[in-house]
Amino acid sequence: MSELTQPASLALAVRRPRAAPFDWRRAVPLLLAAPLLLYMLVFYALPVVAMLLRSLNDPAWTLANYATLFEDVVFQKTFWITINTSVTVTLGCLVLGYPVAMGLVRARSMAPFILVIILLPFWTSVLVRSYAWMVLLGRHGLVNEALLALGMIDRPIRILNTPLATQIAMIHILLPYMILPIANALRQIDPSLIRAASGLGSTPIMTFRQVILPLSMSGVAAGTLLTFVLALGFYITPAMVGGPRDITLSMLIAQQVDQLNWAYAATLSAVLLATALAILAVARKLPGVGNAFKTSMR
Amino acid sequence: MTGIGTNGVSGTGASVTLSSLEKTYDRANAAKAVDGVSLDIRSGEFLTMLGPSGSGKTTTLMMIAGFETPTAGDIAIDGKSVVAMPPYRRNIGMVFQNYALFPHLTVEENVGFPLKQRGVPKAERAKLVAEALELVHLPGYGARYPRQLSGGQQQRVAVARAVVFKPRLLLMDEPLGALDKQLRENLQLEMRRLHADLGITFIYVTHDQEEALTMSDRIAVMNDGKVAQVGSPEDLYDRPDNRFVAGFIGESNFLPAVVRGVENDMVVAEYEGTLIRALCPGKTASGQTVMLTTRPERLRFADGTWTGSEGQHNRLRVTVTEAVFAGERCRYMLQAGNGTSIVLKEPSSAAIRRRAVGERAEIAWSVADTILV
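Those protein sequences? They're chains A and B, same order as listed.
Anchor point for the first sequence: position 201 equals 201 in our numbering, and the numbering is continuous, going up by one each time.
With the second sequence counted from 1, adding 1000 to any position gets you our numbering.
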């Protein structure tokens, strides 16, 4: 406080301190980030905004592009397939991923090894992994050959280019996003709680249901959200291994761009983005899930 | 089945027998965490396992609870071996050091947890939970979550949860370790009261000797995975079996001496030309070098107001090297002949002359307070 402040204005001055003179040292972090921010603004944010605007102003300022979606059968079917695929894949990841997360947390000397196995797919491009699945699931692929050799089928079955192929490949690619948040939540459970439950008469299965599962829900919520939102926008994998008629929203967008149908593509993109944001917004409000955002960021 | 308190059915505690119990964690590292512990814990007893960290007391408790498997030896509860039994079948109450309350459950649900596992119907569960909370003076806290309670309240909830299903044996692993001194002393008294009310067997683990002395019927002093001595608090304090117990429980003075004669239950030993008599349960012979021990508060300055009888006391010439006034008592550091340090504690009184540093004096103490260890 400066000595010049008059007693009468003191209360006001305390309540609303005058803005401090600009401190250049505080601007340093911003300056350090400035090149990247500028780059992102010019090459990412502006194009995205421009693209989204096209859904509103192409050919003229109107909501017509959105209104037509309500009668657009192709869009509705595609939207349904996208949601359906995302839900199936997310559930698949949850069912397959939770036990792995538990194993990862319980393993002592094996833990780094298991972690590498989980993360290995991360270090390979989605394209390569999708190609690999094409090879595995093809008519003369490893899966068919194995089933034939085991005598479980008489002739090769069609797996590639079916919704099942999309689901298998997407689950494989998205599993780490489910496993890691769950493992993180499980790791934070105090081991003495599990001992306490056991000492108080709880069998291992009861302990899982009443202690471990509820305490890992923040991780489950984080993993589920992450997986679901990522699955919504999947393009390469469904395009490569999925069925020709099982078109997802992102495939439809790509198709429309190919046909230079910019306004329609922009509208679909906006819908996809809005869906993802809406799910995040709703999930955030759910009790217990809000923490998941903090937990998964830790 | 009525209440949990004095009128309850759980009036009798379990007896626990540990036979040559051993635990080795790592085969490569041969050090034994627990090394041949044998203990008979009587029904309804308050037994404390006391020892420094790493003495094996917690490991022993964990083996009784069933969280650790013994490498060798046996644990029997009421005469039946429980070594092969998983913890959730042993029906033992347990209070953990950090309380281990379930953070996602309310106080009521926490306390009701063991009842739920046992399939107690909801209505009865509510009644028993309310009783248990009353027992630990926390009625009305049922709807809160553990994080909304203070450390002392959490500790009480943990106790309520451990006794609500009327176990006949309660294990406690440093349950007061995380609390401040004042609260700890209050809860020590409450634990004693609870023990008297429930009439069940308590096995209590602590590294705090004062806590052990205050609360226990018997104390098992542990050191290096072994039981150093078992006995009542008075036994351990007045008649320590060995140097470790004498040093660990309370403060002790040690005088190295050479045995000159043994007569009946008494031994005469020589320290720096002074003959000192000590009680000795027949375990030494003439010529042996031994350690004599005595408590600082049992020593007195043997001049002026001292009125002890010569025949029953030892005397020793010393020099005062340090004098500290500590309120209720004065604490003197003394030096005897060859430099052995001796601590003397005297009640502070205006009637007693304070000694100055450098003063030469003679001290005396009862033969009965002199132990050969």
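Heads up, the beta-carbon is just placed ideally off N, CA and C, and yes, glycines get one too.
Any chain B beta carbon closer than 8 Å to residue i
i	result
residue 195 of chain A	yes
residue 109 of chain A	no
residue 200 of chain A	yes
residue 283 of chain A	no
residue 280 of chain A	no
residue 298 of chain A	For residue 298 of chain A, the predicted structure reports a pLDDT of 35, less than 50, and the residue's modelled location is therefore unreliable. The matter cannot be settled from this model.
residue 286 of chain A	no
residue 106 of chain A	no
Residue from the options with nearest C-alpha to residue i
i	options	result
residue 1228 of chain B	B:1220, B:1234 and B:1200	B:1220
residue 1092 of chain B	B:1206, B:1169 and B:1076	B:1169
residue 264 of chain A	A:65, A:50 and A:170	A:65
residue 218 of chain A	A:178, A:95 and A:272	A:178
residue 1180 of chain B	B:1171, B:1195, B:1157 and B:1211	B:1211
residue 197 of chain A	B:1161, B:1347, B:1276 and B:1241	B:1161
residue 1146 of chain B	B:1171, B:1134 and B:1102	B:1102
residue 105 of chain A	A:69, A:212 and A:236	A:212
residue 1097 of chain B	A:150, A:171 and A:195	A:195
residue 1204 of chain B	B:1157, B:1050 and B:1163	B:1050
residue 1110 of chain B	B:1143, B:1249 and B:1353	B:1143
residue 1306 of chain B	B:1241, B:1255, B:1352 and B:1341	B:1352
residue 221 of chain A	A:148, A:185, A:53 and A:276	A:185
residue 946 of chain B	B:1013, B:1039 and B:1015	What is shown of chain B runs 1001 to 1373, which leaves residue 946 of chain B out entirely.
residue 1053 of chain B	B:1262, B:1206 and B:1041	B:1206
residue 1085 of chain B	B:1100, B:1064, B:1105 and B:1094	B:1064
residue 245 of chain A	A:33, A:32, A:188 and A:77	A:77
CB contact below 8 Å: residue i versus chain A
i	result
residue 1233 of chain B	no
residue 1117 of chain B	yes
residue 1161 of chain B	yes
residue 1114 of chain B	yes
residue 1126 of chain B	no
residue 1014 of chain B	no
residue 1100 of chain B	yes
residue 1195 of chain B	no
residue 1104 of chain B	yes
residue 1046 of chain B	no
residue 1301 of chain B	no
residue 1325 of chain B	no
residue 1007 of chain B	Here the model assigns residue 1007 of chain B a pLDDT of 36, short of 50, so the residue's position is not dependable, and the following value carries that caveat. No, its Cβ sits nowhere closer than 8 Å to a Cβ of chain A.
Beta-carbon proximity of residue i to residue j, cut-off 8 Å
i	j	result
residue 1363 of chain B	residue 1325 of chain B	no
residue 227 of chain A	residue 82 of chain A	no
residue 1222 of chain B	residue 1057 of chain B	yes
residue 1216 of chain B	residue 1018 of chain B	no
residue 200 of chain A	residue 1117 of chain B	yes
residue 1373 of chain B	residue 1243 of chain B	yes
residue 266 of chain A	residue 55 of chain A	yes
residue 1314 of chain B	residue 1371 of chain B	no
residue 1264 of chain B	residue 1296 of chain B	no
residue 1151 of chain B	residue 1187 of chain B	no
residue 1359 of chain B	residue 1320 of chain B	yes
residue 1260 of chain B	residue 1269 of chain B	yes
residue 103 of chain A	residue 118 of chain A	no
residue 1115 of chain B	residue 1163 of chain B	no
Unbroken alpha helix (DSSP H) run spanning residue i, endpoints
i	result
residue 195 of chain A	191-199
residue 24 of chain A	24-40
residue 1271 of chain B	That residue, residue 1271 of chain B, is in no alpha helix (DSSP H); its beta strand (DSSP E) goes 1266-1271.
residue 1342 of chain B	That residue, residue 1342 of chain B, is in no alpha helix (DSSP H); its beta strand (DSSP E) goes 1341-1347.
residue 275 of chain A	262-285
residue 1229 of chain B	Taken as a continuous stretch (DSSP letters only), residue 1229 of chain B belongs to no alpha helix (DSSP H), being part of the beta strand (DSSP E) at 1226-1231.
residue 305 of chain A	One cannot answer for residue 305 of chain A here, as it falls past the ends of chain A, which runs 1 to 298.
residue 1144 of chain B	Element bounds for residue 1144 of chain B: n/a, residue is neither H nor E.
For residue i, the first and last residue of its enclosing beta strand (DSSP E)
i	result
residue 1203 of chain B	1201-1206
residue 1247 of chain B	Counting along the chain, residue 1247 of chain B falls outside any beta strand (DSSP E), though it belongs to the alpha helix (DSSP H) covering 1243-1248.
residue 1290 of chain B	1289-1294
residue 1056 of chain B	Looking at the DSSP string, residue 1056 of chain B is not in any beta strand (DSSP E), and its letter there is neither H nor E.
residue 1319 of chain B	1313-1326
residue 77 of chain A	Not the beta strand (DSSP E): residue 77 of chain A falls in the alpha helix (DSSP H), residues 73-106.
Below-8 Å beta-carbon distance, residue i vs any chain D residue
i	result
residue 1202 of chain B	Within the model displayed, chain D is absent; protein chains A and B are what it includes.
Contact test: residue i Cβ vs the ligand MG heavy atom, cutoff 7 Å
i	result
residue 1213 of chain B	Among the components modelled here there is no ligand, and therefore nothing to report on the ligand MG.
Interfacial residues, the stretch 202-222 of chain A to chain B, with Cβ spacing under 7 Å: 202, 203, 206, 211, 214 and 215
Chain A contacts made by the stretch 1065-1094 of chain B, where a contact means CB separation under 9 Å: 1065, 1066, 1067, 1086, 1087, 1088, 1089, 1090, 1091, 1092, 1093 and 1094
Chain B contacts made by the stretch 173-196 of chain A, where a contact means CB separation under 8 Å: 190, 192, 193, 195 and 196
Proximal residues, the stretch 1232-1266 of chain B versus chain A, C-beta separation under 7 Å: none
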